[in-house]
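There are 4 protein chains.
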Amino acid sequence: MTMDYQKILQEIEVEINALPDDGTVANYIPELAKVSPDRFGMHLTTVRNEHYAVGDSEVKFSIQSISKVFSLAMAFSLLGEKLWKRVGVEPSGNPFNSIVQLEYENGIPRNPFVNAGALVVVDVLLSELKDPEADLFAFVRSSTGSNDVSYNSVVAQSEKETGHLNTAFVHMMKAKGNIVNEADEILDFYYKQCSIEMTCRELAEAFLHFGDNGLAYNHAGFSLTTSQVKRLNALMLSCGFYDESGQFAFKVGLAGKSGVGGGIAAVYPEEFAVAVWSPKLNEKGNSVRGFHSLELLTTKTESSIF
Amino acid sequence: MTMDYQKILQEIEVEINALPDDGTVANYIPELAKVSPDRFGMHLTTVRNEHYAVGDSEVKFSIQSISKVFSLAMAFSLLGEKLWKRVGVEPSGNPFNSIVQLEYENGIPRNPFVNAGALVVVDVLLSELKDPEADLFAFVRSSTGSNDVSYNSVVAQSEKETGHLNTAFVHMMKAKGNIVNEADEILDFYYKQCSIEMTCRELAEAFLHFGDNGLAYNHAGFSLTTSQVKRLNALMLSCGFYDESGQFAFKVGLAGKSGVGGGIAAVYPEEFAVAVWSPKLNEKGNSVRGFHSLELLTTKTESSIF
Amino acid sequence: MTMDYQKILQEIEVEINALPDDGTVANYIPELAKVSPDRFGMHLTTVRNEHYAVGDSEVKFSIQSISKVFSLAMAFSLLGEKLWKRVGVEPSGNPFNSIVQLEYENGIPRNPFVNAGALVVVDVLLSELKDPEADLFAFVRSSTGSNDVSYNSVVAQSEKETGHLNTAFVHMMKAKGNIVNEADEILDFYYKQCSIEMTCRELAEAFLHFGDNGLAYNHAGFSLTTSQVKRLNALMLSCGFYDESGQFAFKVGLAGKSGVGGGIAAVYPEEFAVAVWSPKLNEKGNSVRGFHSLELLTTKTESSIF
Amino acid sequence: MTMDYQKILQEIEVEINALPDDGTVANYIPELAKVSPDRFGMHLTTVRNEHYAVGDSEVKFSIQSISKVFSLAMAFSLLGEKLWKRVGVEPSGNPFNSIVQLEYENGIPRNPFVNAGALVVVDVLLSELKDPEADLFAFVRSSTGSNDVSYNSVVAQSEKETGHLNTAFVHMMKAKGNIVNEADEILDFYYKQCSIEMTCRELAEAFLHFGDNGLAYNHAGFSLTTSQVKRLNALMLSCGFYDESGQFAFKVGLAGKSGVGGGIAAVYPEEFAVAVWSPKLNEKGNSVRGFHSLELLTTKTESSIF
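Protein chains in written order, with the working numbering: chain A, 11 to 316; chain B, 11 to 316; chain C, 11 to 316; chain D, 11 to 316.
Below you can see the structure in the form of structure tokens.
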């Protein structure tokens, strides 16, 4: 396949700018609400190490829930299949912050991308690692190939102060026996992880490793087999977009993950990874223009995995 | 890719036979409970028109919910994107026969593969077609390339007599305004559709059309664009295995659909379609050996779409 | 206690008329929507056979769910404590037509006053009686002391045509094994029962028997012990007002039952029974002015049972 | 009414001892599990200041959820009807510790006797009072007429260490905006309140005030009108026994409240209050023998309020 990806990204940018300006910047985290709503960036990188970009692709933004993919990769590397005793692999069929299902299913979150599941993943990291924070940053820096990756402590603090529902999740799961570490330690780590800032380019680089099966997956000592990487991709496709995961599979057809910072990263195995950023979200919590850009991308490149 | 698929199917058959004999034949439909639990067949056909098979691959069995893919293809062809106003594309996150979600979501089923969704699809066919039953059989016969496809009226009758929950679904959705036709007509059609009998070979043939993007999808006048076919595949991946869809994506990594008759059909785009049959089901309603066979197949052939 | 009940009823009528005219006549049953919204009647009768009334107390109206008390009294008389294996005695904590709880609790309705529970009660009458319809009318005529009690067949037909949710309930419970008779027979009987028409005077007479423990409870051969009558009263207090039962106990403090025709009947043991009618309903399905009238009555007479 | 209450209590004790020894001492609070399971005491006191007792009626036990009645009386006295904007008066229809309903109903607990509701009541006390703990003990000492009432700090500590679900409730409600004070302060106060120890005699004394309408209700400055006291009684009847409130109304017919320490207190207005203690609980969390004793009491004395 030879594609003029740069031309396609430019077409997408034009078409996106012609769209009505829908959606709302996440406002439940006060610090995030300060981001300029008009930002738009996109970066695509291929297994041949080509790079294509438009817009604010080199501007750092809060990756939020996209970070759950990184902590999950680490925990999967540490525990292997045993991880799935503590968190499921099924789509939730409910908004990403629902506590109902957790109660009915005995404190086992449906999957690692609902908040409760991501908190269990953090609990695993805290139990298994001597210096989990150092390991996390070593891992994401190795993944992105950039040492300039850290978290925004103002955002982390802002999230902690408003994150009562996540606190409820942790205590609920502690009540059901699926949380080992102290609530405060888990939440501190979780908010740091969510407040990591990356550019579209860095995210695309990190996600390319999920699609380049010719290369071993190993970052800062956390390694996954090809089969495990494919399983992570399957999880992203089934569960990566909150209660809109089916829509993303249906309309875009790539494995990916979104965050309420407005970012989406996705991978087309054996060919490319792509990251897009636009802060305005739809009512499901996904970037309106990010989602639409990727729908345009797979339509124009016929790169749906199906 | 050149693979010795015949050798691989034979290996799978051997490995499957060595497994403990778990699961239970569906017994809520009395007529289905009469099937010999030891049946096992598998058929794989490629876009190059090659055919590989082991076991009872030429024996007819009740395709049950696999039929939902066919009626959906017809309704999608008839209504296009308007179909999704009446049925969603999100995984259900609940067992396949749950009425709870339907109540909370105003009679709009989560997707066309939960029973309620398949009943809405039938409602569409009854409204749009002059002779929907004739069209259904023309469609499946064209899809399979076999005129020898019909339904088992004893099974259909047996299902109707015990299908109180489906009757409840239809009336519930009528109460919410999402069903137009008479309950009895919908249910009669639905049970005929579910009672269609096919062989593994016929199922594999029919599913190959979902993966051969070089050929137009058009059967008995019902046509889909390549993009629409890919969307059907996405729906199968997200929602095709009841409350185990995530597991199937995770472990097998193909778009597919299962039925309580013990069949599973799946497609690996641009390369092959496969059907497997083994009547014993796990507690989620999926064929134990069918699921495991396909996990072995994609592991051995490295054919996960991810 | 000597009270000038006539003066109190007149005060209530004046105060009620001074209130803002809130609420809506039930419109999901087209025939009921034709009733004049301004009707207001109230009748109080004592264990000393005194009668007090204001307004349209002698006008017939559709008693709707109040009829559930009568069919329940008959079924309780027939089965005794065995009845409670098929229907519970707990408040539902959900709107009166919720199917969710039914699914979680295996087809056993929470109590006999939710629609599903009333349908089980009808199922009992159909199984136990040779001519259940004749028995029902013999019972209600004996209870009211009036031969002029029958049902409105236009309302019954109107309800049947729009009662898809009740049809769903019956089939759901049949699926779970808690319904024996044919759905159509149960629903026909149920809609006749709900379409019974009475005056406030007749309702008050019938309810006085639940509060006059000096007299045996026996109508048309259906008898209850004093203890059983008290248990019916307890059920009315806990569950008689849909999702507003707590409010009624809290603000009025009497055992009673409401219907979407705008009627409420209630009993103050050893002293009086009262019925009130005003068609406009609040969003919980209870008569706005009926509820308020009874709150005024128990405040003025200090007759809360607590 | 002249009753030989002493004889009746003795009959009850004999009959209770002849029953099979069912139930289990609460074991989720380790300290409570140490109580001897064979304890049984009962105390009845009348509005004429008569006292009747059998068994361990003078032994202190952990009143647990019965304490919710006392904190509610205080909060109701402080806020009046405004209290019901923050907590409902409807039965929950779910087990006492369910978080599901809370999520669906925006953090407004169904009633003040589910744990979430009792935590909101505590939040009110912490906001409204300068020294809430001193006020609580002044109130309960005045209610019981005994200065010898305090809490067991070992039990309070034991509850706090295992009370993850209550912590989840508080944070869930904070997320929804219905909790003002710090989680830790609320929980500390709540566990002290639940760990209050009383004898059957003290409990009966305190509950008699809810049934003696000739006397003003005023303890340590917290006063309620007669109408407010009746409303508290209505709440106890509708919601006082977790998911068995309907059963208690149905079989006993008194306003009352139970606790997982095995105590139940109840009131028959204008005549008596009664408290019973037996530590073994049924699966709904109510004292098996306590419940049965009160059923015998109202049967023998015909004292159901209905």
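Glycine is no exception: its CB is placed at the ideal position from the N, C-alpha and C atoms.
The structure presented is a predicted model; accordingly, all values stated were derived computationally and were not measured.
**Asked** According to the neighbour-count rule (16 or more other Cβ atoms, all chains shown, within 10 Å of its Cβ), is Asp253 (chain D) buried or exposed?
**Response** Here residue 253 (chain D) corresponds to residue number 243 of the fourth sequence, with the count starting at 1. Answer is buried; the Cβ neighbour count reaches 16.
Should Ala144 (chain A) be flagged as near chain B, meaning a C-beta pair shorter than 8 Å?
The sequence position of residue 144 (chain A) within the first sequence is 134, counting from 1. Not one chain B Cβ lies under 8 Å of Ala144 (chain A).
For Tyr15 (chain A), the nearest candidate out of A:Thr56, A:Lys240 and A:Ala185 (CA to CA): As a first step, residue 15 (chain A) must be located in the first sequence, where it is residue number 5. Looking from the CA of Tyr15 (chain A), the closest CA among A:Thr56, A:Lys240 and A:Ala185 belongs to A:Thr56.
Quick check: Ile39 (chain D) and Thr172 (chain D), are their CB atoms within less than 8 Å of each other? The residue labelled residue 39 (chain D) in the question sits at position 29 within the fourth sequence. The residue labelled residue 172 (chain D) in the question sits at position 162 within the fourth sequence. Yes.
Excluding the 5 residues preceding and the 5 following Gly272 (chain A) in the sequence, name in chain order all residues of the same chain whose CB lies nearer than 6 Å to its CB. Residue numbering aside, residue 272 (chain A) sits at position 262 when the first sequence is read from its first letter. Correct list, in chain order: Trp287, Ser288, Pro289 and Ser297.
Could you tell me which whole beta strand (DSSP E) segments of length 3 or greater appear in the segment 37-121 of chain C?
Within the segment 37-121 of chain C, the complete beta strand (DSSP E) runs of at least 3 residues are 51-56 and 61-65.
| message | Under 8 Å, Cβ to Cβ, is there at least one residue of chain D near Leu175 (chain A)? | response | In the first sequence, the residue the question calls residue 175 (chain A) occupies position 165. True, the Cβ-Cβ gap to chain D drops below 8 Å.
**Item:** Extent of the continuous alpha helix (DSSP H) run through Glu171 (chain B)
**Value:** If you number the second sequence from 1, residue 171 (chain B) lands on position 161. Segment Ser163 to Thr172, the alpha helix (DSSP H) holding Glu171 (chain B).
Less than 8 Å separating the beta-carbons of Leu88 (chain C) and Pro122 (chain C)? As a first step, residue 88 (chain C) is located in the third sequence; it is residue number 78 there, counting from the start. As a first step, residue 122 (chain C) is located in the third sequence; it is residue number 112 there, counting from the start. The beta carbons of Leu88 (chain C) and Pro122 (chain C) sit no closer together than 8 Å.
* Take Ser75 (chain B) as the anchor and find which of B:His302, B:Phe251, B:Asn157 and B:Ala63 has the nearest alpha-carbon. => As a working mapping, residue 75 (chain B) is identified with position 65 in the second sequence. With distances taken between Cα atoms, Ser75 (chain B) lies closest to B:Phe251.
Worksheet item: When burial is assigned at 16 or more other CB atoms within 10 Å of the CB, is Tyr114 (chain B) buried or exposed?
Response: Here residue 114 (chain B) refers to the residue found at position 104 of the second sequence. The residue in question, Tyr114 (chain B), is exposed, as its Cβ has fewer than 16 Cβ neighbours within 10 Å.
| query | Within 8 Å (strictly less), CB to CB, does Arg241 (chain B) reach chain A? | reply | The residue given as residue 241 (chain B) occupies position 231 in the second sequence. Yes, because at least one Cβ of chain A sits closer than 8 Å to the Cβ of Arg241 (chain B).
*When the Cα of Glu215 (chain D) is compared with those of D:Ile22, D:Ser67 and D:Arg120, which residue comes out closest?*
Here residue 215 (chain D) corresponds to residue number 205 of the fourth sequence, with the count starting at 1. Closest option to Glu215 (chain D), judged by alpha-carbon separation, among D:Ile22, D:Ser67 and D:Arg120: D:Ser67.
Exercise for the section: Since I believe Glu195 (chain A) is in contact with Asn162 (chain A) (beta carbons under 8 Å), could you give me their beta-carbon distance rounded to a whole number of angstroms? Expected result: The residue you call residue 162 (chain A) lines up with position 152 of the first sequence. The residue you call residue 195 (chain A) lines up with position 185 of the first sequence. Contact doesn't hold; Cβ gap of about 20 Å is too wide.
Q | Three-state secondary structure (DSSP) of Ile315 (chain C) | A | Taking the third sequence and counting its residues from 1, one reaches residue 315 (chain C) at position 305. Three-state result, Ile315 (chain C): coil.
>> Taking contact to mean 3 or more Cβ pairs, one atom from each stretch, closer than 8 Å, check whether the segment 176-188 of chain D and the segment 165-181 of chain A are in contact.
In response: Flag = yes, the segment 176-188 of chain D and the segment 165-181 of chain A touch.
Does the CB of Pro122 (chain C) have a neighbour CB from chain D at under 8 Å?
Numbered from its first residue, the third sequence carries residue 122 (chain C) at position 112. For Pro122 (chain C), the nearest beta carbon of chain D is not closer than 8 Å to its own beta carbon.
Could you tell me whether the Cβ of Ser168 (chain A) comes closer than 8 Å to any Cβ of chain D? One-based indexing of the first sequence puts residue 168 (chain A) at position 158. Not one chain D Cβ lies under 8 Å of Ser168 (chain A).
C-beta neighbour in chain A for Asp253 (chain B), strict 8 Å:
The residue given as residue 253 (chain B) occupies position 243 in the second sequence. Answer yes: the Cβ-Cβ gap between Asp253 (chain B) and chain A drops below 8 Å somewhere.
Note to self: Taking 8 Å as the threshold (beta carbon to beta carbon), is Ala185 (chain B) in contact with chain C?
What the structure shows: As a working note, residue 185 (chain B) is residue 175 in the second sequence. It does; some Cβ of chain C falls within 8 Å.
Problem - Thr309 (chain D) - DSSP class collapsed to helix/strand/coil - result: To locate residue 309 (chain D), count along the fourth sequence from 1; it is residue 299. Residue state, collapsed to three classes: helix.
Go ahead and pull the three-state DSSP assignment for Phe282 (chain C). Counted from its first residue, the third sequence places residue 282 (chain C) at position 272. In this structure, Phe282 (chain C) counts as strand in the three-state DSSP scheme.
Just reading off the alpha helix (DSSP H) that Lys267 (chain B) is part of, what are its end residues? Residue numbering aside, residue 267 (chain B) sits at position 257 when the second sequence is read from its first letter. Counting along the chain, Lys267 (chain B) falls outside any alpha helix (DSSP H), though it belongs to the beta strand (DSSP E) covering Ala265 to Ser268.
field: Helix, strand or coil at Phe179 (chain D) [DSSP, three-state]
entry: Locating residue 179 (chain D) in the fourth sequence gives position 169, counting from the first residue. In the structure shown, Phe179 (chain D) falls within a helical segment according to DSSP collapsed to helix, strand and coil.
Problem set entry | Beta carbon proximity, Val99 (chain D) to chain C, threshold 8 Å | Against the fourth sequence, residue 99 (chain D) aligns to sequence position 89. Judged by the 8 Å Cβ criterion, Val99 (chain D) is in contact with chain C.
Item checked: CB contact check: His229 (chain D) to chain A, cutoff 8 Å -> Taking the first residue of the fourth sequence as position 1, residue 229 (chain D) is located at position 219. Not closer than 8 Å to any Cβ of chain A, the Cβ of His229 (chain D) fails to qualify, so no.
Spatial neighbours of Glu143 (chain C) within its chain, please: CB distance less than 8 Å, with the 5 preceding and 5 following residues excluded, ordered by chain position.
Against the third sequence, residue 143 (chain C) aligns to sequence position 133. Cβ within range, chain order: Phe199 and Lys202.
#### Entry: 8 Å Cβ cut-off: residues of chain B touching Ala214 (chain A)
Numbered from 1 along the first sequence, position 204 holds the residue referred to as residue 214 (chain A). Near Ala214 (chain A) there are no residues of chain B at all, since even the closest Cβ is about 18 Å away, more than 8 Å.
Under 8 Å by beta carbon: chain C residues contacting Phe260 (chain D) | Locating residue 260 (chain D) in the fourth sequence gives position 250, where the first residue counts as 1. Within chain C, the residues near Phe260 (chain D) are Val99, Arg241, Ala244, Leu245 and Ser248.
Where do the ends of the beta strand (DSSP E) carrying Ser233 (chain C) lie? As a position in the third sequence, residue 233 (chain C) is number 223, starting the count at 1. Boundaries of the beta strand (DSSP E) harbouring Ser233 (chain C): Phe232 to Leu234, taken from the DSSP string.
**Asked** Span of the beta strand (DSSP E) holding Asn228 (chain B)?
**Response** By 1-based counting over the second sequence, the position of residue 228 (chain B) is 218. Counting along the chain, the beta strand (DSSP E) containing Asn228 (chain B) begins and ends at Tyr227 to His229.
Under 8 Å between C-beta atoms, does Val317 (chain C) make it to chain B? Residue 317 (chain C) cannot be examined here, being either before or after the span of chain C that is shown, 11 to 316.
Find out if the Cβ-Cβ distance for the pair Lys240 (chain B), Gly263 (chain A) is shorter than 8 Å.
On the second sequence, position 230 is the one that residue 240 (chain B) refers to. On the first sequence, position 253 is the one that residue 263 (chain A) refers to. The criterion of a C-beta distance shorter than 8 Å is satisfied by Lys240 (chain B) and Gly263 (chain A).
Is Pro279 (chain B) close to chain A? Criterion is C-beta to C-beta, closer than 8 Å. In the second sequence, counting from the first residue as 1, residue 279 (chain B) sits at position 269. Among the CB atoms of chain A, one or more fall inside 8 Å of the CB of Pro279 (chain B).
Exercise. If you run the structure through DSSP and keep just helix, strand and coil, what is Lys294 (chain D)?
Worked result: The residue given as residue 294 (chain D) occupies position 284 in the fourth sequence. Lys294 (chain D) carries a coil assignment under DSSP once its states are collapsed to helix, strand and coil.
Is it buried or exposed, Pro279 (chain A), if we count other Cβ atoms within 10 angstroms and call 16 or more buried?
Working through the first sequence from its first residue, we reach residue 279 (chain A) at position 269. Only buried fits Pro279 (chain A), as 16 or more other CB atoms lie within 10 angstroms of its CB.
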